[in-house]
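Chemist:
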Amino acid sequence: MMNKKEIIKVLEQIAVYMEIKGENAFRVSAYRKAAQALEQDERSLRDIDDVSKLNGIGKGTAAIINELIETGESSVLNELKEEIPEGLIPLLKLPGLGGKKLGKLYQELGVKDRETLKEACESNRIQELAGFGKKSEEKILHALEEANTRPERLPIATVEKAAQFLKDRLASLEDVRRFELAGSYRRARETVKDLDFIVSTDAPASVRESLLNMGEIGEIIGQGDTKLSFTVIIDDDFPLSVDVRLVEDEAFATTLHHFTGSKDHNVLMRQLAKDQGEKISEYGVENVETGEVKTFEDETAFFNHFGLSFIPPEVREGRDELAQFPKDSDLQLISNDDIRGDLHMHTTWSDGAHSIDEMIEACRTRGYDMMAITDHSQFLKVANGLTVERLKRQHEQVRMYNEQYEDMTIFTGIEMDILPDGSLDYDDDVLENIDFVIASIHSSFQQDRNTIQQRLETAARHPKVAMIAHPTGRLIGRRDGYDVDLDWLIDLAKETGTILECNANPNRLDLSAEWLEKAQKAGVPIAINTDAHRIEMLDHMPMGVSTAKRGWLNADSVVNTWGAERLKAWIDKKQT
DNA sequence: GCCGTTTTCGGCCCGACTGTTTTCAGTCG
Numbered sequence: 001m002m003n004k005k006e007i008i009k010v011l012e013q014i015a016v017y018m019e020i021k022g023e024n025a026f027r028v029s030a031y032r033k034a035a036q037a038l039e040q041d042e043r044s045l046r047d048i049d050d051v052s053k054l055n056g057i058g059k060g061t062a063a064i065i066n067e068l069i070e071t072g073e074s075s076v077l078n079e080l081k082e083e084i085p086e087g088l089i090p091l092l093k094l095p096g097l098g099g100k101k102l103g104k105l106y107q108e109l110g111v112k113d114r115e116t117l118k119e120a121c122e123s124n125r126i127q128e129l130a131g132f133g134k135k136s137e138e139k140i141l142h143a144l145e146e147a148n149t150r151p152e153r154l155p156i157a158t159v160e161k162a163a164q165f166l167k168d169r170l171a172s173l174e175d176v177r178r179f180e181l182a183g184s185y186r187r188a189r190e191t192v193k194d195l196d197f198i199v200s201t202d203a204p205a206s207v208r209e210s211l212l213n214m215g216e217i218g219e220i221i222g223q224g225d226t227k228l229s230f231t232v233i234i235d236d237d238f239p240l241s242v243d244v245r246l247v248e249d250e251a252f253a254t255t256l257h258h259f260t261g262s263k264d265h266n267v268l269m270r271q272l273a274k275d276q277g278e279k280i281s282e283y284g285v286e287n288v289e290t291g292e293v294k295t296f297e298d299e300t301a302f303f304n305h306f307g308l309s310f311i312p313p314e315v316r317e318g319r320d321e322l323a324q325f326p327k328d329s330d331l332q333l334i335s336n337d338d339i340r341g342d343l344h345m346h347t348t349w350s351d352g353a354h355s356i357d358e359m360i361e362a363c364r365t366r367g368y369d370m371m372a373i374t375d376h377s378q379f380l381k382v383a384n385g386l387t388v389e390r391l392k393r394q395h396e397q398v399r400m401y402n403e404q405y406e407d408m409t410i411f412t413g414i415e416m417d418i419l420p421d422g423s424l425d426y427d428d429d430v431l432e433n434i435d436f437v438i439a440s441i442h443s444s445f446q447q448d449r450n451t452i453q454q455r456l457e458t459a460a461r462h463p464k465v466a467m468i469a470h471p472t473g474r475l476i477g478r479r480d481g482y483d484v485d486l487d488w489l490i491d492l493a494k495e496t497g498t499i500l501e502c503n504a505n506p507n508r509l510d511l512s513a514e515w516l517e518k519a520q521k522a523g524v525p526i527a528i529n530t531d532a533h534r535i536e537m538l539d540h541m542p543m544g545v546s547t548a549k550r551g552w553l554n555a556d557s558v559v560n561t562w563g564a565e566r567l568k569a570w571i572d573k574k575q576t
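Residues 1 to 576, numbered by full-length UniProt numbering, are exactly what the first sequence covers, in order.
(1) So, K112 versus E152, is the Cβ gap smaller than 9 Å?
(2) Note the first and the last residue of the continuous alpha helix (DSSP H) segment covering residue 612.
(3) Can you name, in chain order, every residue of its own chain whose Cβ lies under 7 Å from the Cβ of D351, other than the five neighbours on each side?
(4) Could you pull out every residue in the same chain whose Cβ sits closer than 8 Å to the Cβ of residue 590, ignoring the five residues on either side in sequence?
(5) Assuming contact is defined by CB atoms lying nearer than 9 Å, are G544 and D369 in contact in what I supplied?
(6) What are the boundary residues of the alpha helix (DSSP H) that E321 is part of?
(7) Are three or more beta carbon pairs between the stretch 450–459 and the stretch 387–401 nearer than 8 Å?
(8) If you drop the 5 nearest sequence neighbours on each side, which residues of the same chain put their C-beta closer than 6 Å to that of Q40?
(9) Output the boundary residues of the alpha helix (DSSP H) element that contains T458.
(10) Using DSSP's beta-bridge definition, name the partner residues of T409.
(11) In whole angstroms, what separates the C-alpha of R270 from that of D417?
(12) Does the stretch 464–483 come close enough to the stretch 427–445 that 3 or more CB-CB pairs lie under 8 Å?
(13) At the level of alpha carbons, what is the spacing between L475 and T191?
(14) Pair every Cβ in the stretch 147–162 with every Cβ in the stretch 510–522, then say whether three or more of these pairs are closer than 8 Å.
(15) Just confirm the distance between the C-beta atoms of V398 and I410, as a whole number of angstroms; I'd bet it's less than 8 Å.
(16) What are the boundary residues of the alpha helix (DSSP H) that K227 is part of?
(17) Should I490 go down as buried or exposed, given a rule of 16 or more other Cβ atoms within 10 Å for buried?
(18) Could you check whether C502 and A527 sit closer than 9 Å to each other, using their CB atoms as the reference points?
(19) Under 7 Å Cβ to Cβ from R169, same chain only, skipping five residues before and after it: list those, please.
(20) Which residue's Cα is closest to the Cα of G183: E138, L129, L211, T260?
(21) Check S74 in the structure and name its three-state DSSP category.
(22) Tell me the DSSP secondary structure of M419 in three-state form.
(23) Just the C-alpha distance for E209 and S123, rounded to the nearest angstrom, thanks.
(24) What is the residue span of the beta strand (DSSP E) that L240 lies within?
(25) As a quick exercise: from E317, I360, D330, R508, pick the residue whose alpha carbon is nearest that of H258.
(26) Answer with buried or exposed for Q378, where buried requires no fewer than 16 other C-beta atoms within 10 angstroms of its C-beta.
(27) Mapping the DSSP letters down to three states, classify T148 as helix, strand or coil.
(28) Assign W552 to buried or exposed, taking buried as 16 or more other Cβ atoms, counted over all protein chains shown, within 10 Å of its Cβ.
So, in structure tokens, the structure goes:
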């Protein structure tokens, strides 16, 4: 029997094949919408009695889904596959090639995969085709070469530096009135395709000039009056695509909203506008009857115009955010201002770069009133993990600092390894006097699910273990986590009163937004921590908060908002 | 293909830019 994920994939595949076949674009997107409807429904396939009741799934797509459930195959997809070579599918990802053009290349030149496309370019047959030319041919060849070297989406951690560089650059330009980084970066997706900047200026030509004269420009992809596309190369790395929109200040809010997306969110907003006789574009909201265009000072005013309150970019995914944020909404998603402390960080005692008091001062600067010093335990020798003796000495120091600072509660802590054999790295009597014990896995990732889960269960059931850190162990774009059933882990955390972490390091973001959402529903408290190994890494906190927002977490689900006393009471409760 | 007290047909978000044309289709976000 096919699972939901596989069915979603089939529907999306059908859409892609139809696109190349040259089917009506609305028909194509109907299949995508059906896939989306399935994806956004939280229920498992078994719990949905009639798929055609879902909004976006009708007679046709329901028949396909039911056929898949019954037979594991789709006759529609099978027929499409007979008709259209599979090798064409990945070619759709090449910039500049859509379904129409690819269909033509297939029909007229017999292009059926990368190789035949390359040959067609090299034998100069493409420029002969109506609608194509010399430039198209060169672009396709170029795109084919690029596709080998560049991944499609990049983990946000890898674009952080370039994003900061461009922000600094724009901030330094006199002709820039205000600007913002929009797109999926602003929505805090885990990976991004490019960086989208919205820039308010009265002198677009000057800003364009300044940007294009930066030394870090790779190639200019396109430029018009309001739009500028180029690649930047920061750090001798790969080229990263950047889109800049230059707008007059009165259009800034609507342009920012438009290019923050998501596409699906924009569609919802535009339908809402249409229902009240208006039309949304980058430039404002037009009254269809009078043609009058209204502009807004900021996004809040824009949302208010439609009877909504400000919808955080992180939840603009075209789900039910419009219904969740009416003007008088009392829904308070977690925000940066709610965070009162950071409960996972390292110092020079293990593999951190700064001393205990340097970290304390850094946390005070960030306005916190609680924190935990959590170095590595003895098992992690490469990280200079603390022996029992060193641990005790460190904690004496931490307690001393805790006495010293009246405005900060400093918990003694440890990030204790869960060993490959399933045991914990310290004996109970060592753990006895520690305020905040974190348990985590740093070794033997390849063990089977059962073994991994036994390790996690030992930790979660231990009365002194307050939290499990980076619960999946993944590194985005680099390493999958270990094998764990997260539904199981969330149930276990709920049963044992164990906090789960949302690790704010942009390489991790672990748990991810979708699991945070499930954890909150189950009533499991979440801690958002930076796992900082140096002072600057404390500034990853907003990435964690944004991830939490994507998971619709409210402030009360996040222990960082509780304050030291309430947190301590929660930990104590587990031990009794 | 889906949807609907503006409903069973005729829409389906909207606009910029490119390369091809010589007024526009295709692609993209």
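We treat Cβ as the ideally placed atom computed from N, Cα and C, and that holds for glycine. As the structure is a prediction and not an experimental result, all values here were calculated from the model.
Modeler: Let's see:
(1) no
(2) Residue 612 lies beyond the stretch modelled for the chain, which goes from 1 to 576, so this question has no answer here.
(3) H376, A383, N384, H533
(4) Nothing in the structure corresponds to residue 590, since the chain is present only between 1 and 576.
(5) no
(6) 321–324
(7) no
(8) R319
(9) 449–461
(10) M370
(11) 51 Å
(12) yes
(13) 12 Å
(14) no
(15) 6 Å
(16) Not the alpha helix (DSSP H): K227 falls in the beta strand (DSSP E), residues 227–232.
(17) buried
(18) yes
(19) M214
(20) T260
(21) coil
(22) This sequence places Leu at residue 419; Met is not what is there. Three-state DSSP puts L419 in coil, outside helix and strand.
(23) 38 Å
(24) 240–247
(25) E317
(26) buried
(27) The sequence given here has Asn at residue 148, not Thr. Reduced to three states, the DSSP call for N148 is helix.
(28) buried
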